[in-house]
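Written out below as structure tokens is the structure these notes cover.
In our numbering, the protein residues as written are 13 to 486.
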């Protein structure tokens, strides 16, 4: 009852739209339905302990394969209704259930099933003394499963089969068979119908929200493309936005690439990282540095978009926890073990984090990537911008100063792929198109790199005391 109350309070506290709240997992209804399932199983003599024993017990087939004495399958798939099915294999002698794993109550119930007093779906496998090797279940691998000799002993008053067969005065051995019985249950179908229909409803809601957010991301991406377009004769906020997005990527709001905590973040951690990002932007005064009023509006839209993603993430997280809790409670009260199989059977979208991943990837590709990053154009040797860019025959790009140094040292191999292409580079390897792109989008960085190159070249020509001062008119 504690989690049910916390779940309701969390939905109310976050001020989700009424449609979202109506689509949330009906945890309270599922708990009531679970009580009906537990009561139905208890009336059949299949309490949690008995089911745990049956599901754990195995026997060997005639081919030597391990076969469980009981199984519980959900059936169907993500796009079709679930049809749970509890199947039990029992050993019969003259119509009497002899499985040692059964409690007296469950043995009596299964006896009624096998005698036709309860409508069932069953399959018989007769096993006489001469055809015992054709039985579905033979020598058991678990002490809970009856052996052929043990079954015969129970039927004949404790005498072994071998002694009976060796005695000329012994009567014919009772007919033995293994019967596969599908136990008719009602309320487990009701439980999973309710859970599956609500997960489908959440899937539909997620699809709608994903489409709406996707449109907002695309619209913001178009606006960012206009605001960060480089220009010579009018104002641009390209450098300010580059710094904003570098902070955003450093924050790793929704996904971490660090070795210590790599992977998707929880909603609590994502909120913490988003707050850190906003604080860093404010501390550096980047908003006040924007030259265009539209940039401030775009930044507000960007924050609202992240808040909406965080809101969706938290709603999904709450419902995934609710599903996990109710399935864990189902397994605890029935021992049917559906916690592992249900997520793979019911929905690959809601119970996974594919929606959050898709939307975050779209933010990166359509919004953040509108501003080229310096890190994507750095020289692998000096780790500064690769200007002027030299593209070797192996297609790797280095700055011209690093290539000249490698040639002076007679280094033939590319530092990246080890192909012997360095000494083959000449003026034809200068990538003029990439150089123009760098001049356009990285004016500050290319000017600094050019000054650094000029200084280094001057020191080589005039000595360490060289200073790149302006010419003086005497």
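Glycine residues also receive a C-beta, built at the ideal position from the N, C-alpha and C atoms. Note that the structure is predicted; figures quoted are calculated from it, not measured.
With a 10 Å radius around its C-beta and 16 neighbouring C-beta atoms as the bar for buried, classify residue i as buried or exposed.
i           : result
residue 231 : exposed
residue 474 : exposed
residue 45  : buried
residue 331 : buried
residue 150 : Only weak support is given to the placement of residue 150: the predicted model assigns it a pLDDT of 35, under 50, and the question is left unresolved by the model.
residue 209 : exposed
residue 67  : buried
residue 195 : buried
residue 467 : exposed
residue 31  : exposed
residue 413 : buried
residue 300 : exposed
residue 171 : Residue placement at residue 171 is flagged as unreliable, the pLDDT there being 38, under the threshold of 50; a coordinate-derived value is accordingly withheld.
residue 368 : buried
Taking the C-alpha atoms as reference points, what is the distance between residue i and residue j?
i           : j           : result
residue 464 : residue 471 : 11 Å
residue 439 : residue 221 : 53 Å
residue 318 : residue 325 : 10 Å
residue 253 : residue 240 : 7 Å
residue 479 : residue 408 : 33 Å
residue 153 : residue 69  : Because residue 153 carries a pLDDT of 36, less than 50, the predicted location of this residue cannot be relied on, and the following value inherits that uncertainty. If I take the Cα positions, the gap works out to 8 Å.
residue 54  : residue 63  : 10 Å
residue 136 : residue 347 : Bear in mind that a pLDDT of 45 at residue 136, under 50, signals an unreliable position, so the model cannot answer this.
residue 382 : residue 292 : 21 Å
residue 309 : residue 281 : 26 Å
residue 264 : residue 101 : 53 Å
residue 26  : residue 268 : 25 Å
residue 353 : residue 272 : 29 Å
residue 192 : residue 350 : 21 Å
residue 436 : residue 445 : 21 Å
residue 60  : residue 37  : 25 Å
residue 20  : residue 14  : 10 Å
residue 430 : residue 390 : 19 Å
residue 275 : residue 201 : 36 Å
residue 394 : residue 312 : 37 Å
residue 82  : residue 58  : 11 Å
residue 450 : residue 442 : 13 Å
residue 260 : residue 287 : 11 Å
residue 487 : residue 388 : Nothing can be reported for residue 487, as the shown portion of the chain is limited to 13 through 486.
residue 488 : residue 211 : This structure cannot speak to residue 488, because the chain is shown only from 13 to 486.
residue 217 : residue 24  : 18 Å
residue 343 : residue 43  : 12 Å
residue 237 : residue 419 : 40 Å
Cβ of residue i within 8 Å of Cβ of residue j?
i           : j           : result
residue 266 : residue 372 : yes
residue 392 : residue 428 : yes
residue 424 : residue 415 : no
residue 257 : residue 386 : no
residue 87  : residue 94  : yes
residue 22  : residue 39  : no
residue 401 : residue 447 : yes
residue 255 : residue 298 : yes
residue 206 : residue 41  : yes
residue 285 : residue 296 : no
residue 242 : residue 453 : yes
residue 426 : residue 404 : yes
residue 251 : residue 456 : yes
residue 461 : residue 396 : yes
residue 197 : residue 52  : yes
residue 65  : residue 345 : no
If you follow the beta strand (DSSP E) that residue i is part of, which residue opens it and which one closes it?
i           : result
residue 401 : 401-403
residue 271 : That residue, residue 271, is in no beta strand (DSSP E); it is neither H nor E in DSSP.
residue 453 : Note, residue 453: premise wrong, no beta strand (DSSP E); alpha helix (DSSP H) at 444-453.
residue 411 : 409-411
residue 85  : 82-85
Quick check on the DSSP output: the alpha helix (DSSP H) that includes residue i runs from which residue to which?
i           : result
residue 49  : 39-55
residue 201 : 199-239
residue 280 : 279-295
residue 27  : Segment: none, residue 27 is in no alpha helix (DSSP H) and carries neither H nor E.
residue 259 : 250-263
residue 326 : 305-346
residue 61  : 60-68
residue 300 : 298-301
Kindly indicate if chain C contains any beta-carbon less than 8 Å away from that of residue i.
i           : result
residue 398 : Looking at the structure shown, chain C is missing, and only one protein chain is on hand.
Taking residue i and residue j to be in contact with their CB atoms under 8 Å, please state how far apart those CB atoms are, rounded to whole angstroms.
i           : j           : result
residue 48  : residue 199 : 4 Å
residue 35  : residue 213 : 5 Å
residue 398 : residue 411 : 5 Å
residue 249 : residue 289 : About 18 Å; that fails the 8 Å criterion.
residue 314 : residue 28  : Going by Cβ atoms, the distance from residue 314 to residue 28 rounds to 22 Å, so no, they are not a contact pair.
residue 378 : residue 229 : 6 Å
Cβ of residue i versus every heavy atom of the ligand GDP: is any distance shorter than 7 Å?
i          : result
residue 39 : This structure lacks the ligand GDP; in fact it carries no ligand of any kind.
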